[in-house]
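Heads up: the sequence shown at position 331 corresponds to 333 in the working numbering, and the numbers run straight through without jumps. Cβ atoms here follow ideal geometry from the backbone N, Cα and C, with glycine treated the same way. A quick write-up on the structure given underneath.
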Amino acid sequence: MMKPILLVFVVSLLVSSAAGQAAGQGPQGSFGNSSDAVSGCDLQAITEYNMGLHIGGVFIVFIISCLGILSAIVLGSIKRLRNNNYIVGGLQLLKFFGCGVVVATAWVHMLADAFSQFLNPCLQGYTFVNWGANFPGWIALFSALIVQIIEYFAMSKQYAIIDQRGETTPNSEMKVVTNDPNNHNVSLEEAVGHSHALVHDEYEAAALTVGTVMLELGIIFHSVIIGLTLGIVTDEWHTLIVAICFHQLFEGMALGSRIAATHFSFLTKLGMGLAYPITTPIGIAIGISVRFTYNSNSQTAILVQGIFDSISAGILVYNGYVELVAVEMNHNRNFHKHSNTWKLYLYVAFTLGLASMSIVGLWA
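Structural data, given as structure tokens:
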């Protein structure tokens, strides 16, 4: 149902743009003379494109991404390492730093880029000239709503399975407990209460699993867009590769920590971990292949980039606050059990993640 709505929405954008151009409507009111704006929107020939650097970027980003996510998965999944307080503490700090990176990426990078696309003077059409600044917010809001709906139905299905499986659990649990010769005085309330605790843990495990999958899908989506940009740029490549590596490393740690906490098998966790580092290199490869024909100032390119940036922003805002901040801080019993000093350290790590990615946004 949501796909036809999204298709109609995108088609309406393109139709309104074409109608505005046919009627001679241009961005004169906002950008001065339309012919001056359009003249700077032609395809610019690439004169200094270092193929070696861009191909090297594929492997650099892949290795950094693997380092971030797989280290968190391995350290968080191996029991012997998981019981080391220093490793657990370090992983927690890096995870909260990564949470800040994800949230800042949504606000400072994706949403800001979306606004710059929809306010681009090369974007023609009455609709975009007059209401262009509204589209990033509308699209981000719509994409976040879609993610919430998908997660709702996924959780409903998981809860139904748990409830159906748990219908016979109270009696079986009570039988096991009362058959123990050392527990003759166990009450019905205690037996049923123990069963309810087990079901509650199943609910939490299901929520963690669905939330982690939704988080990874959202991160994978915007990683392709980031890679596409890196594959096309020339003069800003060195700055952008540093920013992307920084982003991929700590975002991978945040995602890897969540994957490690799920009840998947270790091989499944590794498979989920490998899905993350290959997406940005795929985007880079696509960018390299279309570098000579891709015009970033064309009507189609601006709309596609702006729409995708807006969708990514909405997904990451939802994932950042609902799947990361709320789960790891607000609704996390273990977090509230920490000492005030350790909670302060974790919150400082989160804030540093916000600040560092925001500063990187000044250059990339």
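Cβ neighbour criterion (16 or more within 10 Å) applied to residue i
i, result
"residue 275", "buried"
"residue 260", "buried"
"residue 137", "buried"
"residue 281", "buried"
"residue 264", "buried"
"residue 145", "buried"
"residue 2", "Absent from the model: residue 2. The displayed extent of the chain is 3 to 366, so no value can be given."
"residue 328", "exposed"
"residue 333", "exposed"
"residue 319", "buried"
"residue 311", "buried"
"residue 309", "buried"
"residue 61", "exposed"
"residue 278", "buried"
"residue 153", "buried"
"residue 362", "buried"
"residue 181", "Residue placement at residue 181 is flagged as unreliable, the pLDDT there being 47, under the threshold of 50; the coordinate-derived value follows with that caveat. Residue 181 should be labelled exposed."
"residue 216", "buried"
"residue 249", "buried"
"residue 206", "exposed"
"residue 150", "exposed"
"residue 79", "buried"
"residue 159", "exposed"
"residue 2", "Because the chain here runs from 3 to 366, residue 2 falls outside it and cannot be looked at."
"residue 185", "Here residue 185 scores only 49 on pLDDT, less than 50, and its place in the model should not be relied on; the value that follows carries that caveat. Exposed is the call here."
"residue 271", "buried"
"residue 291", "exposed"
"residue 268", "exposed"
"residue 59", "buried"
"residue 147", "exposed"
"residue 37", "Because residue 37 sits at a pLDDT of 48, beneath the cut-off of 50, its placement in the model cannot be relied upon, and the following sentence gives the value as read from the coordinates. Classification for residue 37: exposed."
"residue 106", "buried"
"residue 346", "exposed"
"residue 225", "buried"
CB-CB length for residue i against residue j, believed under 8 Å
i, j, result
"residue 134", "residue 121", "6 Å"
"residue 227", "residue 118", "Contact doesn't hold; Cβ gap of about 14 Å is too wide."
"residue 247", "residue 110", "The pair is not a contact, with the Cβ atoms about 17 Å apart (cut-off 8 Å)."
"residue 258", "residue 71", "4 Å"
"residue 353", "residue 102", "6 Å"
"residue 164", "residue 204", "5 Å"
"residue 108", "residue 322", "6 Å"
"residue 299", "residue 124", "4 Å"
"residue 223", "residue 317", "6 Å"
"residue 289", "residue 232", "6 Å"
"residue 293", "residue 51", "6 Å"
"residue 55", "residue 239", "6 Å"
"residue 1", "residue 255", "Here the chain has residues from 3 to 366 only, and residue 1 is not among them."
"residue 74", "residue 245", "No, residue 74 and residue 245 are not in contact; Cβ-Cβ is about 21 Å, not under 8 Å."
"residue 94", "residue 348", "6 Å"
"residue 307", "residue 126", "Incorrect: roughly 15 Å between the Cβ atoms, too far for contact."
Coarse secondary structure for residue i, derived from DSSP in three states
i, result
"residue 249", "helix"
"residue 343", "helix"
"residue 84", "helix"
"residue 140", "helix"
"residue 334", "coil"
"residue 318", "helix"
"residue 151", "helix"
"residue 295", "coil"
"residue 128", "helix"
"residue 51", "coil"
"residue 365", "coil"
"residue 44", "coil"
"residue 280", "coil"
"residue 300", "coil"
"residue 121", "coil"
"residue 355", "helix"
Short CB-CB distance (under 7 Å) between residue i and chain B
i, result
"residue 360", "Looking at the structure shown, chain B is missing, and only one protein chain is on hand."
Residue i CB to nearest heavy atom of the ligand COA below 6 Å
i, result
"residue 292", "The ligand COA is absent from the structure shown, which contains no ligand whatsoever."
* To do: Go through the region 216 to 278 residue by residue and report every complete run of the alpha helix (DSSP H) that reaches 4 residues or more, in order.
  => The region 216 to 278 contains these whole alpha helix (DSSP H) runs: 239 to 263, 268 to 277.
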